[in-house]
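Okay, so here's the structure we're looking at.
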Amino acid sequence: MSEYDEPLTELQKRRKFALAMGKPEALERMKNEGLLNARERLDYMLDKGTFVEVGQLALGAREEHRHRTPADGKVAGFGKVDGRMVGIVSNDFATMGASSALNNLKKMKYVKDQGTKRGFPLMFVGSSSGSRMPDRMGAPGRLIIAQDPAEYRRLRKSPWGVAQLGSCYGSSTWYACMADYVVMRKGATMAVASSRVTSLAINQPVTDEDLGGWRMHTRISGLVDQAFNTDEECLDALKRYLSYMPSNCAEAPPVVGVPKGSDDPIESIMEIVPGDRKKVYNMRHVIDVLADKGSVFEMKPAWGKSVITALGRLNGQTVGFLGNNPMHKGGAADPDGCAKATGFLVHCDSFNIPIVMLVDVPGFLIGVEGERKAAPGKIINWMNALSLTTVPKLTVVLRKSYGQAYINMGGNKNSDVFAMWPTADVGFMDPETGVNVVFGITRQDDPEEFERCVAKLSEDAAPWEVAAMFEAQDVIDPRETRKFLINMLEVQQLRMTNGVGEHLMATWPTSIV
Numbered sequence: 096m097s098e099y100d101e102p103l104t105e106l107q108k109r110r111k112f113a114l115a116m117g118k119p120e121a122l123e124r125m126k127n128e129g130l131l132n133a134r135e136r137l138d139y140m141l142d143k144g145t146f147v148e149v150g151q152l153a154l155g156a157r158e159e160h161r162h163r164t165p166a167d168g169k170v171a172g173f174g175k176v177d178g179r180m181v182g183i184v185s186n187d188f189a190t191m192g193a194s195s196a197l198n199n200l201k202k203m204k205y206v207k208d209q210g211t212k213r214g215f216p217l218m219f220v221g222s223s224s225g226s227r228m229p230d231r232m233g234a235p236g237r238l239i240i241a242q243d244p245a246e247y248r249r250l251r252k253s254p255w256g257v258a259q260l261g262s263c264y265g266s267s268t269w270y271a272c273m274a275d276y277v278v279m280r281k282g283a284t285m286a287v288a289s290s291r292v293t294s295l296a297i298n299q300p301v302t303d304e305d306l307g308g309w310r311m312h313t314r315i316s317g318l319v320d321q322a323f324n325t326d327e328e329c330l331d332a333l334k335r336y337l338s339y340m341p342s343n344c345a346e347a348p349p350v351v352g353v354p355k356g357s358d359d360p361i362e363s364i365m366e367i368v369p370g371d372r373k374k375v376y377n378m379r380h381v382i383d384v385l386a387d388k389g390s391v392f393e394m395k396p397a398w399g400k401s402v403i404t405a406l407g408r409l410n411g412q413t414v415g416f417l418g419n420n421p422m423h424k425g426g427a428a429d430p431d432g433c434a435k436a437t438g439f440l441v442h443c444d445s446f447n448i449p450i451v452m453l454v455d456v457p458g459f460l461i462g463v464e465g466e467r468k469a470a471p472g473k474i475i476n477w478m479n480a481l482s483l484t485t486v487p488k489l490t491v492v493l494r495k496s497y498g499q500a501y502i503n504m505g506g507n508k509n510s511d512v513f514a515m516w517p518t519a520d521v522g523f524m525d526p527e528t529g530v531n532v533v534f535g536i537t538r539q540d541d542p543e544e545f546e547r548c549v550a551k552l553s554e555d556a557a558p559w560e561v562a563a564m565f566e567a568q569d570v571i572d573p574r575e576t577r578k579f580l581i582n583m584l585e586v587q588q589l590r591m592t593n594g595v596g597e598h599l600m601a602t603w604p605t606s607i608v
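With the first letter of the sequence shown counted as 1, position 401 gets the number 496 in the numbering used here; the numbers rise by one all the way through.
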């Protein structure tokens with residue numbers, strides 16, 4: 096008998112215990128509901144055979160918990176997605192609700208620290224019931240937390256992605272709010288505390304869905320980018336998000352092949368965008384036509400809908416499309432739209448993604464509701480972020496661009512490249528409104544004089560006037576927009592730094608909405 100036999104047998108016993116995960120009945124229930132367990136989620140997410148686990152033998156810190164806390168409820172380690180290294184933590188809800196406790200928080204910290212130091216993305220997957228009780232009760236419980244002052248410091252050294260796939264409270268929610276991209280399974284919940292705890296605290300009933308369901312977070316709070324029906328769809332979205340991103344802030348995003356048909360003539364673009372500035376259209380269709388085929392990946396489509404934010408590719412290169420949405424409130428940017436634009440600028444600049452702004456904006460949505468939602472502060476936050484952006488900024492004005500919104504959408508010197516379609520109209524406000532304000536004339540008062548004044552203001556706001564002063568680099572045929580953007584992206588490459596920006600907003604808060 097070898098002197099290694101007994102310790103190796105013990106090792107295999109402990110590994111088997113960890114791999115079995117939590118309560119069998121809880122695992123069976125997840126299976127019956129069509130959900131993946133913690134290890135199945137890892138298998139689905141990562142390239143086959145690449146997962147390297149750390150902390151597999153970790154157990155709960157309390158003696159009475161050790162027999163029922165395999166891996167202490169959080170499966171952690173490293174693996175590859177499409178051949179690139181990532182760090183990942185997958186919560187095992189079958190083990191004490193994947194509650195956060197002393198030892199599993201050490202595992203999370205280790206994975207997070209390695210990703211930050213070694214330059215690879217971090218993924219947090221699953222659900223958590225929040226803090227483990229009674230570990231966190233009383234003064235001794237307080238000593239478990241707040242041991243790492245940098246735990247909630249986000250420097251955007253590498254991309255973070257989160258999939259909320261069940262009941263998500265406490266740390267699951269905190270990490271989602273620090274992440275760059277968050278997906279949620281429909282039926283999951285994300286909140287500070289559970290509906291039961293919340294109901295007791297506020298002395299009124301509240302449901303999981305009302306408290307933090309997918310509709311609330313994708314449409315109202317804006318904390319979740321997208322929601323899907325299944326675990327698999329959520330994990331697919333996480334993987335697709337990673338495909339656009341560099342592994343860390345010191346790299347340029349990956350360049351991929353250009354799909355066949357991407358450079359076909361785009362005659363349809365003038366059918367998509369009516370020349371009449373009062374007619375609405377879907378800016379998403381414009382982005383689809385301009386981007387490489389099938390490459391558009393929209394972020395937060397159901398929130399802040401006056402603005403469209405999407406990752407995509409031009410000639411194989413990752414870019415961020417920021418466009419106005421005439422289909423919603425006429426494209427006038429409301430407070431949520433402003434916050435959405437700001438967050439997207441910060442995200443793109445932090446990870447060296449050039450920005451393409453497609454402009455058709457009548458201004459900001461003004462009124463009592465906007466003021467109550469801090470519209471002025473959100474407008475200037477957007478402007479501040481734009482001024483701190485160091486990646487290439489390319490702006491094309493399709494139709495109207497008025498007032499302060501003209502500046503926020505990259506007008507003139509606020510972009511590295513500024514171009515206009517022949518249908519562009521720039522000024523302080525719509526010419527018809529301007530005639531009323533400047534001359535005090537309405538169409539009803541004097542139709543002929545009103546039209547004469549409108550024509551005069553329209554002439555002054557025409558793209559030819561802007562181009563004549565060289566405040567625009569060019570006026571372009573709409574059908575040449577894709578080619579123009581590709582050419583200018585090449586001109587604007589950050590050659591001196593290998594495609595890496597200055598990251599002046601690396602510490603910008605991740606969840607200011």
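Each residue gets a CB set at the ideal place from its N, CA and C atoms; glycine is no exception.
From a predicted model like this one, the values you see are computed outputs, not experimental measurements.
Start-to-end residues for the beta strand (DSSP E) that takes in residue i
{"i": "L250", "result": "Per DSSP, L250 belongs to no beta strand (DSSP E) and is neither H nor E."}
{"i": "I183", "result": "R179 to N186"}
{"i": "L440", "result": "Where L440 is concerned, there is no enclosing beta strand (DSSP E), although the alpha helix (DSSP H) it sits in stretches over P430 to S445."}
{"i": "L493", "result": "K488 to Y497"}
{"i": "A470", "result": "Run containing A470: none in the beta strand (DSSP E); it sits in the alpha helix (DSSP H), A470 to L483."}
{"i": "S316", "result": "Neither: S316 is in no beta strand (DSSP E) and is coded neither H nor E."}
{"i": "A322", "result": "Q321 to F323"}
{"i": "L453", "result": "I450 to V456"}
{"i": "G522", "result": "D520 to G522"}
{"i": "V595", "result": "That residue, V595, is in no beta strand (DSSP E); it is neither H nor E in DSSP."}
{"i": "M218", "result": "L217 to S224"}
Reference residue i; option with closest CA among the options
{"i": "A274", "options": "V486, R248 and K108", "result": "R248"}
{"i": "S445", "options": "A428, M340, G117 and I403", "result": "M340"}
{"i": "F188", "options": "L260, D100 and W559", "result": "L260"}
{"i": "I361", "options": "F579, L584 and E101", "result": "F579"}
{"i": "L599", "options": "I297, L250 and M583", "result": "L250"}
{"i": "D243", "options": "G282, S253 and L200", "result": "L200"}
{"i": "M365", "options": "V181, K202 and V381", "result": "V381"}
{"i": "G308", "options": "K400, K435 and T284", "result": "T284"}
{"i": "G155", "options": "R179, A121 and S194", "result": "S194"}
{"i": "W269", "options": "Q209, P558, I474 and F219", "result": "F219"}
{"i": "M478", "options": "K495, L460, L453 and G506", "result": "G506"}
{"i": "D383", "options": "M394, K400, G407 and K373", "result": "G407"}
{"i": "C263", "options": "G192, Y276 and S253", "result": "G192"}
{"i": "I607", "options": "C272, L141 and G498", "result": "C272"}
Alpha-carbon to alpha-carbon, residue j and residue i
{"i": "V287", "j": "S185", "result": "19 Å"}
{"i": "P487", "j": "A563", "result": "24 Å"}
{"i": "E123", "j": "E246", "result": "34 Å"}
{"i": "H160", "j": "A258", "result": "27 Å"}
{"i": "I581", "j": "V463", "result": "42 Å"}
{"i": "W398", "j": "G432", "result": "8 Å"}
{"i": "T437", "j": "T605", "result": "10 Å"}
{"i": "N132", "j": "Y501", "result": "49 Å"}
{"i": "G472", "j": "L481", "result": "14 Å"}
{"i": "L333", "j": "K118", "result": "28 Å"}
{"i": "Q539", "j": "T404", "result": "40 Å"}
{"i": "V441", "j": "F323", "result": "25 Å"}
{"i": "S222", "j": "N419", "result": "35 Å"}
{"i": "A427", "j": "E560", "result": "24 Å"}
{"i": "K212", "j": "V181", "result": "12 Å"}
{"i": "G129", "j": "S401", "result": "36 Å"}
{"i": "G522", "j": "Q499", "result": "10 Å"}
{"i": "P62", "j": "K111", "result": "In the structure as shown, the chain begins at 96 and stops at 608. Residue 62 is therefore absent and cannot be evaluated."}
{"i": "K374", "j": "M125", "result": "49 Å"}
Range covered by the alpha helix (DSSP H) that runs through residue i
{"i": "D331", "result": "D326 to Y339"}
{"i": "T576", "result": "T576 to V586"}
{"i": "G307", "result": "D303 to G307"}
{"i": "A563", "result": "P558 to A563"}
{"i": "Q568", "result": "Per DSSP, Q568 belongs to no alpha helix (DSSP H) and is neither H nor E."}
{"i": "N509", "result": "Unbroken run through N509: none, as it is neither H nor E."}
{"i": "V463", "result": "V463 to R467"}
Residue i at chain B interface by Cβ criterion, 8 Å
{"i": "P349", "result": "Note that chain B does not occur in the displayed structure, where there is just one protein chain."}
Can you list, in chain order, the stretches of the alpha helix (DSSP H) that have 4 or more residues and sit fully within the stretch 251 to 300?
266 to 273 and 290 to 297
Along the chain, which unbroken stretches of the beta strand (DSSP E) at least 3 residues long are found entirely within the stretch 137 to 197?
147 to 149, 169 to 176 and 179 to 186
Would you call the stretch 341 to 348 in contact with the stretch 590 to 601, where contact means no fewer than 3 C-beta pairs closer than 8 Å?
yes
For the stretch 100 to 135, list the alpha helix (DSSP H) runs that are entirely contained and at least 4 residues long, ordered along the chain.
100 to 115 and 119 to 127
Count the C-beta pairs between the stretch 441 to 456 and the stretch 403 to 415 that are closer than 8 Å, then say yes if the count reaches three, no if not.
yes
Report yes or no: do the stretch 566 to 574 and the stretch 507 to 517 share at least 3 C-beta pairs separated by less than 8 Å?
yes
Counting pairs of Cβ atoms below 8 Å between the stretch 163 to 177 and the stretch 142 to 150, do you hit three or more?
yes
Is the stretch 353 to 360 touching the stretch 381 to 393, taking contact as three or more C-beta pairs under 8 Å?
yes
Which complete alpha helix (DSSP H) runs does the stretch 340 to 415 hold, if anything under 4 residues is left out?
364 to 367 and 378 to 385
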